[in-house]
Structure formats: structure tokens, C-alpha cells
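In our numbering, the protein residues as written are 4 to 261.
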Amino acid sequence: MEEFDLESPAEESATAGAAVESPENGSVESTADDLLAGVEAITAASAEDSQLKALLEAIVYVTEEPLSIAQIAAALSQPPERVRKLLDELVAEYDKTEHGVTVREVAGGYKMTTKPEHHESVRSFVKSLKPPLKLSLPALETLAVIAYKQPVTAPEIMEIRGVQGAGVLKTLLDRKLIAVAGRKNVIGKPMLYKTTRDFLVQFGLKDLSELPSLKEFEEIRRMAIDPEPEAAPQSEPAHQPEPVPESAQVHPTPDEQS
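Structure representation (C-alpha cells):
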């Protein structure tokens, strides 16, 4: 009967272990580690490029004048070649039909604009918008009093401002920045005024709690009036005695001189 030379399970395990520890397998593991390190390096570089490209997009968006590559590279401390490459990627990305704006090279710099095919529609939309809100200084003062003291009556507003403000109140009512909030239960029952939702929209506030405190408001006003502290006055020179008039001087007699 033919005999077969079979290894025991223990011998098979030892053989497998020897195979794993062979120089050839060690080389495979080293190659795998190198590949993983290379992938991690590429991933890190790609993430860095993505962050820089997002920053470039924000910069081109917020600036009114076209920015040159040299300006952007100097501001971000980046090589001009890298900035140009990422800007070219932005240009290609915004050229796709799903975007309504584009990044264009204008007058030696880059600027974000609407696409020419949308100009007519955008122009019609802009014409339909309300003109920007403009308020006079008296109107702003009255609105500030109402915002911080509401609900408040016209006589109370006049007492704080020191001037009549009936015309200003009408303007604010017409602009829908304030509204009547009932009447105060005093003699004459004057009307109370409060701010409206349009007031929050115009000034970008979530609610009245986002108004600066009166202390902060006063600090802002003080800094606007006096942005730089005054220089300390120079020390005055020591007081010098005033000269004695000639008529008051005492001249020695000839005998005293001798």
C-alpha cells in the first residue's frame, strides 16, 4: 500500500509561520506600508488644496475689484503657480450649467459675476426690488429711542430727544419700522409705539435681545466721536517770577553803593 507523507497540524502551522516570516513576505508588508503612507500624503494634500480653493472662492466673492494672482498669492503666502492652478479649477467648476455665476478673468484679475445668459432676467429682478432704506439722523435717533424704550409715547420720545418728532414718527410708520401698540393709561391716553418685524429684517436682528446694550451703544458712540485717546498734555515749565516793573525797583543810593 502506497504511503503518503502527511504533515501534522502542528507542522503545518510551523510551516505557515515560517512562510510569513520569510524575507519575501517582509518585503510585501513594507511595500503595503509605503503605499498606505503615500495614500495618506495624497489625501492630506488634497484636503489642503480643497481648503485653499474654498478660501480663494470666498476672497473672489467678497472683493469688488478684480484681484490679480500676485495680490492673492502675496496675501495668502502661497506660490503663484498653486494659486493659478486652483483658480483655474474654480473657473472650470463655475462654467458648468448648474451655476448661475462664474469666475472670470477681468482686467488682469479674477472677479465673480453673473453669467451673460442670465443678465436680462437678473436685471428685471433687480429693478423690481425696493430701493435701499435711507433714514435721516432724527429718524434714526427716534427709532433708537423706540427700540430701547418700547412701548413708548410721543411725549416720552420728545422728552428724551428734546425736540418735536411728529413728522419723524409718521415717516417711521410709513416705512413700517414702527407700529402703534395701543394707548397708555394716563391722562390724554397717548398712543404707544413699538418696533416691527420689518425693523428686525432691516437691521439683521433675530430679536430685540440682539440689540447692543446701552453701555455698548455708548462705547460705540464714544469711539466714533473720539477714535484715538488724546495725548497727555505736556508738563508746563516751572513758574517763573514775573519781572518787577522799573518803577517798583529799588535802586541803591550812592552811599549804599560804596
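Note that CB positions come from ideal geometry on N, CA and C, so glycine has one too.
Beta-carbon gap between residue i and residue j smaller than 9 Å
i      : j      : result
ASP201 : ARG178 : yes
VAL106 : LYS114 : yes
THR145 : PRO193 : no
LEU217 : LEU208 : no
THR100 : ALA142 : no
PHE154 : LEU195 : Here residue 154 is Pro; the residue named in the question, Phe, does not match the sequence. Closer than 9 Å, so yes.
ALA150 : THR116 : no
LEU79  : LEU58  : yes
LEU176 : ALA184 : no
PRO83  : ALA95  : no
GLN205 : LEU136 : yes
Bridge-paired residues (DSSP) for residue i
i      : result
TYR97  : None, per the DSSP bridge assignment.
LYS114 : ARG107
ARG186 : MET194
Enclosing beta strand (DSSP E) for residue i [first to last residue]
i      : result
ARG178 : ARG178 -> no beta strand (DSSP E), and no H or E assigned at all.
GLU108 : 104-109
Where the alpha helix (DSSP H) through residue i begins and ends
i      : result
LYS130 : 122-131
VAL148 : 140-152
PRO158 : 157-164
LEU79  : 72-79
Chain C contact for residue i (CB, 9 Å cutoff)
i      : result
ALA157 : Within the model displayed, chain C is absent; a lone protein chain is all it includes.
Whole-Å CB distance - residue i paired with residue j, under 8 Å assumed
i      : j      : result
PRO69  : GLY112 : 3 Å
GLY170 : MET161 : That pair is no contact at about 12 Å.
LEU93  : GLU60  : 6 Å
VAL3   : ALA76  : With the chain running from 4 to 261 in the structure shown, residue 3 is simply not present.
ARG164 : VAL148 : 7 Å
message = Quick check for students: name the residue ranges of the alpha helix (DSSP H) that lie wholly in the region 188-228, counting only runs of 4 or more.
response = Listed in chain order, the complete alpha helix (DSSP H) runs (minimum 4 residues) inside the region 188-228 are 200-206 and 217-228.
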